[in-house]
Amino acid sequence: MEEILVSLVVVCACVAIGVLGVVSYWAWWKPKMLEMQLRRQGLQGNKYRLLTGNIKDEQEALKKAWSRPMELAHKIVPRMVRWAGTSPRVNIWDPDMLREVMLNKSGHFLKQKVNPLVRLLAHGIASLEGEAWAQRRKLINPAFHTKKLKGMVPAFQTSCTDLVKRWKKLMSAEGSCELDVWSELQNLTADVISRTAFGSSFEEGKKIFELQKEQGVLVIEAARSLYVPGFRYISLSVCNDDLMKFTMV
């Protein structure tokens, strides 16, 4: 009996040590090694923090940025490293590097893994890999050829002219008015897409763009949520019904 207990204790101790080793490697050793390798390559950024990374700092910075108007600045570093939990994220602004990543002929640059809930809402080219991405890209490439874009100029002009006319009508006798430029530019973009892709105006397809905007909000909420397999079938969250609605569509 004592031998069985001793064996059980030894097995449990070995399992505990193994689990501790795996967790330590995942949560500390691997991120720190990646951080050292990135710094050797000249990539600067925030230091890694256990488990949380820089998520808390980014949330505080975002809250502070949204609380007041931001001054225009051109002091932008060419590249920077930040941490999303235990995974490093490299932000690049250098055009040559961006071109290399976007072409991705070697297949070395893979898209980051997203919350499975996001896949229920977004099935576009941005989420595809490999052959599926190549086929979808081949289909949409002709729409962005120079000759094709030149043919869209009249539609662009019509949308911009309508926008300027609407703004002029809103101006007061003093020749000024207050505008929410963000929403106006969103509507302008939607109007241009409607005219060039579907041959209709924004007002005619307004419902579709409103649904897409709602879908975008749900994608952001899903990306920030903790995914538990099967949890989406339990109606506990406010957006669960919306998620299921878009999934059915």
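Those letters in the sequence shown? Residues -8 to 240, by my numbering.
Just so it is clear, CB atoms sit at the ideal spot from N, CA and C, and this is done for glycine as well.
These numbers come from a predicted model, not from an experiment.
Asked: In this structure, what does DSSP give as the bridge partners for GLY36?; Found: VAL72
Asked: According to DSSP, what are the bridge partners of ILE83?; Found: ARG70
Asked: Closest to SER185 by CA distance: which of MET24, LYS197, THR43 is it?; Found: LYS197
Asked: Considering only the beta carbon of each residue, do ASN82 and ARG70 sit closer than 9 Å?; Found: yes
Asked: Would you say the segment 149 to 157 touches the segment 173 to 185, given that touching needs at least three Cβ pairs under 8 Å?; Found: yes
Asked: Helix, strand or coil for GLY44 per DSSP?; Found: strand
Asked: Identify the continuous alpha helix (DSSP H) that holds CYS151 and give its terminal residues.; Found: 144 to 161
Asked: Looking at the secondary structure, which residues open and close the alpha helix (DSSP H) in which LEU179 lies?; Found: 172 to 184
Asked: Could you check where the alpha helix (DSSP H) with VAL0 kicks off and where it finishes?; Found: -7 to 15
Asked: Is VAL183 near SER150, with beta carbons less than 9 Å apart?; Found: yes
Asked: Is it the case that the segment 42 to 55 contacts the segment 72 to 88, given that we only count it when at least three CB pairs across the two stretches are under 8 Å?; Found: yes
Asked: So is TYR39 buried or exposed if we call it buried at 16+ other beta carbons inside 10 Å?; Found: buried
Asked: Tell me the DSSP secondary structure of SER192 in three-state form.; Found: coil
Asked: What would DSSP say about SER58, mapped onto helix, strand or coil?; Found: coil
Asked: Starting from LEU29 and walking both ways along the alpha helix (DSSP H), at which residues does that stretch end?; Found: 21 to 31
Asked: When the Cα atoms are used, what is the spatial distance from PRO79 to GLN126?; Found: 30 Å
Asked: What number of angstroms, rounded off, separates the C-alpha of SER192 from the C-alpha of PRO133?; Found: 23 Å
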